Amino acid sequence: MDDRSLQPGWAKHLDSPRSTLLLGLLGSGLLWAAMPPLDWSLLAWIAPIPWLWLIRRERLPGRHPYLALALAGFCFWMAALHWLRLPHPATSIGWVAISLYFSVYLPLFVGLSRVGVHRLRLPLALSAPIVWTGLELARAHVFTGLTMGSLGYTQYRWIELIQLSDLAGMYGASFLVVFVAACLASVLPCERARRSFRPLLPAAAAIALATLYGHWRIAAARPEPGPTVALIQGSIDIEMRHDPGMKDRIIREYFDLSRRAVEEHPDADLLVWPETMFLDPIVTYDDDVRLPPGAAGTGEEFRGWLAETAENNALSLRRLAQALDVPLLLGIDCYHFHGDSQRVTNSAVHVSPEGDILGRYDKIHLVMFGEYVPFADRFPWLQGLTPLPISVTPGERPAAFELNGNLISPNICFETVLPHVIRRQINDLTTEGREPDILVNLTNDGWFWGSSELDMHLICGVFRAVECRKPLLIAANTGFSAWINADGRILAMGPRRAEEVILACPKIDRSRASWYLKHGDWFAGACLIVCVIFGISGTIGRFRGKIASGRRS
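Using the working numbering, read the sequence shown as starting at 79 and increasing by one per residue.
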């Protein structure tokens, strides 16, 4: 008897040439539903099963199965990252381009996993999670990197389970989810493979071990009292067009919220405004500054204008600090003029109640096309193809500011999306003897009009807190401002697209060291190395197969 006759009826229908595309789309749909905006996180444990079933098959159905999988991946990323189109019509190009690039990861996952399963005879529950994890690491680094949409993020509410992130980063959670899904997929009948429920045992054991580890790590915390911080969340939707009334509206809204925070919480040690929400930039210039090419007026008039602007903006900052009479951490742009050129940074400044600047952090990791245009310094015409008037210059080093005997370290916008960026900043400061106690993210998510980007960005912060064992505070325009403790628990959170003052009293956690913080992406890096080995093995096998078929012909 043909073993395939043992398959249930539904499995026989999956021999259709279109089944690769249909299964690819099914997995993409389930994974999308597991993420914001639906956020049905339990679906993440079964979302990879359609792809894993394809990996188990001896041959993939259809004439161009990997192209079909790329199409399924493209559909997922277009839906998951739809908010990239919202800031400006031109960003729709980036939305499509990023989705096209990310679409290659699904066929890579299936193809490399098939090498492990069919050529190297490794178990599906070993090959698939290794490949998935290695590819997630690659996606976090290539073309400046983006981890939103990663599988592990779907489990941010399962506090005990995500504690393994202090061992292997967010990638550890992704590995676990795919491992369990692969065990579940192994139960399903597939061609000559008979049904067996034994793979459910390692799946249950893995979840149990991860949960027990999480309970142990949470119980080991010995938190100490920290400062009281007021996070100011305005609700200003941002557009890339000139609006004469926008500046006054932003200043009025954020000043009124700050005054309310001071009145309601007079014990606050710090007020935090989101990224770029203080609109009078810091202006500095060198003695050799000259009139830029094509500008009207004389060099003397230009230098006079710079001096006046720098003085007026500094006075504006001083008046704000003195009116509130509390230390501030503000998101602000900084302009430095030298020769006939200028440099702009996306910055955070620590300001005393007297209005003196105590410290400054310039954003290090910039967003491609959102803050800079690649190669625009060599080909200036590229800048004109985007809505950006000038590219932002990256900062050179992290910063830590003292607050009541504790050190707070700011980061800006999407820097919390990338685990290696935050880890590197903390380690650089630790090397200087200034290990931060609290992380503060300043972000302006008003570009995304209350979309699921807000949820995805917040979830990234949950994992950064666990990975580094540091409380993370988020001040976000339009949301979500949040207070996240070192276990990844969201203790307070602002609303979506509404004003709010969030009072945070983060506890300082020096009792638990983080293996991930010290050793980095050791686990995901090893998985990526295995991916490369699988790729080489598959290429060699394909080459040998072509030679053998040529000899037979």
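Each residue gets a CB set at the ideal place from its N, CA and C atoms; glycine is no exception. Keep in mind that this is a model prediction, so the values were computed, not measured.
Short Cβ contact (8 Å threshold) for residue i with residue j
i: residue 281; j: residue 589; result: no
i: residue 99; j: residue 146; result: yes
i: residue 471; j: residue 410; result: no
i: residue 490; j: residue 584; result: no
i: residue 518; j: residue 568; result: no
i: residue 404; j: residue 349; result: yes
i: residue 249; j: residue 211; result: yes
i: residue 564; j: residue 549; result: yes
i: residue 439; j: residue 473; result: yes
i: residue 231; j: residue 605; result: no
i: residue 315; j: residue 556; result: yes
i: residue 613; j: residue 190; result: yes
i: residue 144; j: residue 185; result: yes
i: residue 304; j: residue 586; result: yes
i: residue 105; j: residue 158; result: no
i: residue 560; j: residue 532; result: no
Alpha-carbon spacing of residue i relative to residue j, whole angstroms
i: residue 139; j: residue 192; result: 14 Å
i: residue 72; j: residue 376; result: Residue numbering for the chain in the displayed model covers 79 to 631; residue 72 lies beyond these limits and cannot be assessed.
i: residue 638; j: residue 335; result: For residue 638 there is no data in the structure shown, the boundaries of the chain being 79 and 631.
i: residue 213; j: residue 253; result: 11 Å
i: residue 201; j: residue 182; result: 24 Å
i: residue 506; j: residue 476; result: 7 Å
i: residue 285; j: residue 239; result: 8 Å
i: residue 620; j: residue 196; result: 13 Å
i: residue 266; j: residue 576; result: 47 Å
i: residue 177; j: residue 234; result: 24 Å
i: residue 445; j: residue 204; result: 34 Å
Where residue i falls: helix, strand or coil (DSSP)
i: residue 447; result: coil
i: residue 84; result: No answer about residue 84 holds up, because its pLDDT of 47 lies below 50 and its placement is not dependable.
i: residue 382; result: helix
i: residue 505; result: helix
i: residue 425; result: strand
i: residue 561; result: strand
i: residue 79; result: Because the pLDDT at residue 79 is just 42, under 50, the model does not fix this residue reliably, and the point stays unresolved.
i: residue 617; result: helix
i: residue 566; result: coil
i: residue 230; result: helix
i: residue 156; result: helix
i: residue 513; result: coil
i: residue 94; result: coil
i: residue 490; result: strand
i: residue 500; result: helix
i: residue 394; result: helix
Continuous beta strand (DSSP E) stretch holding residue i: start and end
i: residue 373; result: Taken as a continuous stretch (DSSP letters only), residue 373 belongs to no beta strand (DSSP E), as it is neither H nor E.
i: residue 478; result: Residue 478 -> no beta strand (DSSP E), and no H or E assigned at all.
i: residue 209; result: Looking at the DSSP string, residue 209 is not in any beta strand (DSSP E); the run it does join, the alpha helix (DSSP H), is 202-219.
i: residue 176; result: Premise fails: residue 176 lies in the alpha helix (DSSP H), 169-180, not in any beta strand (DSSP E).
i: residue 521; result: 516-522
i: residue 164; result: Element bounds for residue 164: n/a, residue is neither H nor E.
Which residues DSSP lists as bridging residue i, in chain order
i: residue 362; result: 414
i: residue 439; result: 426
i: residue 406; result: 349, 429
i: residue 307; result: 348, 582
i: residue 240; result: None, per the DSSP bridge assignment.
Run of the alpha helix (DSSP H) containing residue i, from where it starts to where it stops
i: residue 334; result: 324-342
i: residue 533; result: 531-546
i: residue 263; result: 248-265
i: residue 48; result: Because residue 48 is not part of the residues shown, which for the chain are 79 to 631, the question remains open.
i: residue 191; result: 183-192
i: residue 132; result: 127-134
Chain D within 8 Å of residue i, Cβ atoms only
i: residue 530; result: Checking the listed chains, one finds no chain D in this structure; it contains a single protein chain.
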